[in-house]
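Remarks on the structure that follows.
Residue numbers (our numbering): 38 to 607.
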């Protein structure tokens, strides 16, 4: 919606206003050229000048025929060609969803499942929305399983495989008996069904989306971190009646777990995010050990207050929208800085095999010094405007579409120069001084010089092949720096009983900090350390960035954390 002054109107800061501003000199033509180049570059980048496809999709309607100009109610014809552009999307999203699922707890080898005799499935998050996968406008509801957030950026599901339907298919193939209760408030039926099962699979959820619509009092952002749809009671009811209860959470972010996470009958917990159309198949892939799970992209706290900065629950027009800024201390950085013990740290996730980290080697490269950019940018091209205001009026006989914006002038009075259109130097066509941190797209090229190469040895000490997510963190050493920051990760496959070398590179940008005084990136004189391990708080390998090896690792994991499949080296 570029240049709109307000929604659903033809009032724009650009269109004829921009034409008038160029004619009267308020906006130099070189600036107009730059604006047009930025828009048209993508047009040529994707080859639409050579192979242009007619518009065949209307995001405002699912009808095949309708008005091309919806708000004007004009141009009736074909608006949706229903072109299938998915390709191998189903295979890809199934893999992404499975590898993005995180096992948080796994006691007594509850997972992976091995053809259990009888499964019971609980919770509305396991099943289909009664109105279909696209039954709620903009996906703004939490009826049935949650696989996508809501808002204007959503899309229609081509289909949605629910966990229950995928589990039914797997049960049929394995000869497993399967029952279910998907009414979140039918606790009596849950008790009866749970006592019969050898494995109880509970699916719970939370949801969030864009703020133009609310769901159950949540106007976009969630108003708390609790589960939706009676989730806590569903879990406690099933766990009280089934000694092998496995909980799967679908949500857009952290939820509070403390009420039930330590229950002795809850043998496994999985966080599955918002997995998309292959939701059921992807969770079955993880539950049955067909795919190695992933790692947490955020911290799960023990208490909601541990996160520090909170939402503004009630409008407060006395102050600016946000006064309590996090700065650099986002997520695990905040927990680390304030020495807060989380329930599950950033990067955490259990594996179906066991791992050993050993032998870290840091090699310093021969990269040259950082050279700040200097000089001036090329002067802007100057082109004299030769068109008169009269020549840029709407062409005679032109038919306008209501609510649409056009570059032609409505009248010559549109070109009257505004006396308050900016300082005099806003229209300087001369080249400007190059910023020290600039010089190329992405910043000074020297920021991406590789300064160090880090090699670590990873061994799969278990009895099955597996995939490990090796994580590298850096400490920059200053008192106001975060304790550690993630600077790289690798997902690597290693066969049982085998070892591999995992390599990371560290760029100048990775160890730099922004100096607001010089407006440039600088490397502080403080000692820099590199940490490698399984999560932000399980880092057995540590070394100085001058290549000197340290023999002491770092771990804030509690001793004997249940379900953790790796020895922590201290």
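Backbone N, C-alpha and C fix where the C-beta goes; we use that ideal spot for every residue, glycine too.
Label residue i either buried or exposed according to how many other C-beta atoms from any shown protein chain fall within 10 Å of its C-beta, with 16 as the threshold for buried.
i, result
"residue 585", "Any reading at residue 585 must be qualified, since the residue scores a pLDDT of 40, below 50, and its modelled position is unreliable; the value itself is stated next. That one is exposed."
"residue 603", "Residue placement at residue 603 cannot be trusted, given a pLDDT of 30 that sits under 50; what the coordinates show is reported in the next sentence. Flag for residue 603 reads buried."
"residue 166", "buried"
"residue 94", "exposed"
"residue 436", "exposed"
"residue 52", "buried"
"residue 131", "buried"
"residue 482", "exposed"
"residue 74", "exposed"
"residue 55", "buried"
"residue 185", "buried"
"residue 42", "exposed"
"residue 595", "Any reading at residue 595 needs caution, since the residue's pLDDT is 42, under 50, leaving its predicted position unreliable; the model's value is listed next. Exposed: under 16 other Cβ atoms inside 10 Å."
"residue 97", "exposed"
"residue 297", "buried"
"residue 278", "buried"
"residue 230", "buried"
"residue 122", "exposed"
"residue 195", "exposed"
"residue 192", "exposed"
"residue 315", "buried"
"residue 441", "exposed"
"residue 106", "exposed"
"residue 44", "exposed"
"residue 129", "exposed"
"residue 77", "exposed"
Report yes if the CB atom of residue i is closer than 8 Å to the CB atom of residue j, and no otherwise.
i, j, result
"residue 311", "residue 522", "no"
"residue 494", "residue 323", "no"
"residue 489", "residue 380", "no"
"residue 556", "residue 477", "no"
"residue 333", "residue 308", "yes"
"residue 177", "residue 250", "yes"
"residue 292", "residue 217", "no"
"residue 530", "residue 496", "no"
"residue 519", "residue 366", "yes"
"residue 608", "residue 266", "Since the first residue shown for the chain is 38 and the last is 607, residue 608 is missing from the structure and cannot be characterised."
"residue 313", "residue 203", "no"
"residue 565", "residue 578", "no"
"residue 150", "residue 325", "yes"
"residue 214", "residue 160", "no"
"residue 336", "residue 378", "no"
"residue 492", "residue 540", "yes"
"residue 113", "residue 124", "no"
"residue 245", "residue 156", "no"
"residue 426", "residue 66", "no"
"residue 504", "residue 528", "yes"
Quick one: give me the first and last residue of the beta strand (DSSP E) that residue i is part of.
i, result
"residue 285", "282 to 287"
"residue 566", "566 to 570"
"residue 229", "Premise fails: residue 229 lies in the alpha helix (DSSP H), 224 to 231, not in any beta strand (DSSP E)."
"residue 557", "557 to 559"
"residue 552", "550 to 552"
"residue 116", "From DSSP, residue 116 is part of no beta strand (DSSP E); its letter is neither H nor E."
"residue 59", "Note, residue 59: premise wrong, no beta strand (DSSP E); alpha helix (DSSP H) at 53 to 60."
"residue 578", "578 to 581"
"residue 36", "With the chain covering 38 to 607 only, the question about residue 36 has no answer from this structure."
"residue 395", "392 to 401"
"residue 155", "155 to 159"
"residue 304", "303 to 308"
"residue 238", "236 to 242"
Output the boundary residues of the alpha helix (DSSP H) element that contains residue i.
i, result
"residue 270", "268 to 276"
"residue 370", "369 to 374"
"residue 74", "66 to 82"
"residue 134", "126 to 137"
"residue 207", "200 to 211"
"residue 290", "Unbroken run through residue 290: none, as it is neither H nor E."
"residue 99", "Looking at the DSSP string, residue 99 is not in any alpha helix (DSSP H), and its letter there is neither H nor E."
"residue 320", "316 to 324"
At a cut-off of 7 Å, is residue i close to the ligand HEM when judged by its beta-carbon and the heavy atoms of the ligand?
i, result
"residue 325", "With respect to the ligand HEM, the structure shown offers nothing to examine, as it has no ligands at all."
Could you tell me whether any Cβ in chain C is nearer than 8 Å to the Cβ of residue i?
i, result
"residue 514", "Within the model displayed, chain C is absent; a lone protein chain is all it includes."
Next on the checklist: With a threshold of 8 Å, are at least 3 pairs of Cβ atoms found where one atom belongs to the segment 324 to 336 and the other to the segment 388 to 396?
Outcome noted: yes
Checklist entry - Hey, is the segment 256 to 268 in contact with the segment 286 to 305, meaning 3+ C-beta pairs nearer than 8 Å? => result yes
Item to check | Any 3 or more C-beta pairs closer than 8 Å across the segment 507 to 517 and the segment 543 to 553 | outcome: yes
Next on the checklist: Between the segment 291 to 311 and the segment 138 to 158, can you find at least three pairs of beta-carbon atoms closer than 8 Å?
Outcome noted: yes
Checklist entry - Is the segment 260 to 274 in contact with the segment 194 to 205, if contact means three or more CB pairs nearer than 8 Å? => result No: fewer than three Cβ pairs fall under 8 Å.
Checklist entry - Should the segment 88 to 108 be called in touch with the segment 445 to 453, which here means at least 3 C-beta pairs below 8 Å? => result no
Next on the checklist: Going residue by residue through the segment 461 to 537, where are the continuous alpha helix (DSSP H) segments of at least 4 residues, counting only ones entirely within it?
Outcome noted: none
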